[in-house]
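First up is the structure itself, then whatever we jot down about it.
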Amino acid sequence: MEWLANICVAVVGFAGGVGVAGGVFAFISILGILPRLAGRMGLAKYLYSLENMIAYGGIAGTIVFVFQLPLPIGYIGGMVIGFFSGIFTGALIMALAETLKVIPILCHRLKLVHGLPILIFSLALGKALGSFYQLIFTGK
Numbered sequence: 026m027e028w029l030a031n032i033c034v035a036v037v038g039f040a041g042g043v044g045v046a047g048g049v050f051a052f053i054s055i056l057g058i059l060p061r062l063a064g065r066m067g068l069a070k071y072l073y074s075l076e077n078m079i080a081y082g083g084i085a086g087t088i089v090f091v092f093q094l095p096l097p098i099g100y101i102g103g104m105v106i107g108f109f110s111g112i113f114t115g116a117l118i119m120a121l122a123e124t125l126k127v128i129p130i131l132c133h134r135l136k137l138v139h140g141l142p143i144l145i146f147s148l149a150l151g152k153a154l155g156s157f158y159q160l161i162f163t164g165k
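Numbering (my numbering), first residue to last: 26 to 165.
This is the structure we're talking about:
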């Protein structure tokens with residue numbers, strides 16, 4: 026009877042994962058991050074391939090985390106993965122803020138005319154320092 030419970034847990038977990046992944050990919054596509062970045066980099070003709078790479082990366086990451094596969098990539102590989110993950114996260118956050126018109130409203134309320142690059146840099150620096158603090162002092 027325990028095997029039946031394990032099968033039910035696996036089915037529910039898989040269904041939940043598919044739902045969350047579908048929601049994330051729909052969210053990314055609604056924000057229009059990828060077409061905008063591809064257009065700016067001159068890679069618009071490879072948009073379909075870029076979308077596939079994001080999907081493949083999500084699948085590969087899920088497999089690695091679910092089955093706890095070891096990745097012998099060392100510190101340099103971890104730094105490279107962290108660097109590109111940070112770029113993706115930053116692009117996602119900025120696209121969301123742009124879509125919701127958060128930055129123009131914030132600039133208007135703060136009467137910020139010339140300091141927008143400083144504001145964005147400060148946000149990024151705070152995120153980086155917080156990540157380093159967590160890495161150094163908590164070890165996670």
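We treat Cβ as the ideally placed atom computed from N, Cα and C, and that holds for glycine.
- A contact is defined here as three or more CB-CB pairs under 8 angstroms, and the segment 98-111 fails this definition with respect to the segment 37-51.
- By the 16-neighbour rule on beta-carbons within 10 angstroms, Ile-143 is exposed.
- The C-beta distance from Ala-63 to Leu-75 rounds to 6 angstroms, short enough to fall under 8 angstroms.
- The residue among Leu-160, Gly-115 and Leu-135 with its C-alpha nearest the C-alpha of Ile-53 is Gly-115.
- Restricting attention to Leu-154, Pro-97 and Pro-95, the CA atom closest to the CA of Gly-111 is found in Leu-154.
- Between Leu-29 and Leu-121, the gap from beta carbon to beta carbon reaches 8 angstroms or more.
- Taking Thr-87 as the centre and dropping the five residues before and after it, the same chain places the C-beta of Gly-42 and Ala-46 closer than 8 angstroms to its C-beta, in chain order.
- Ala-80 is the residue among Met-26, Phe-109, Ala-80 and Phe-108 whose C-alpha sits nearest the C-alpha of Gly-48.
- Taking the Cα positions, His-139 is about 24 angstroms away from Arg-65.
- In the structure shown, His-133 falls within a helical segment according to DSSP collapsed to helix, strand and coil.
- The DSSP-derived three-state label of Met-66 is helix.
- When only Cα atoms are considered, Asn-31 and Pro-95 end up about 24 angstroms apart.
- Across the structure, Phe-113 and Met-26 are spaced so that their CA atoms are roughly 44 angstroms apart.
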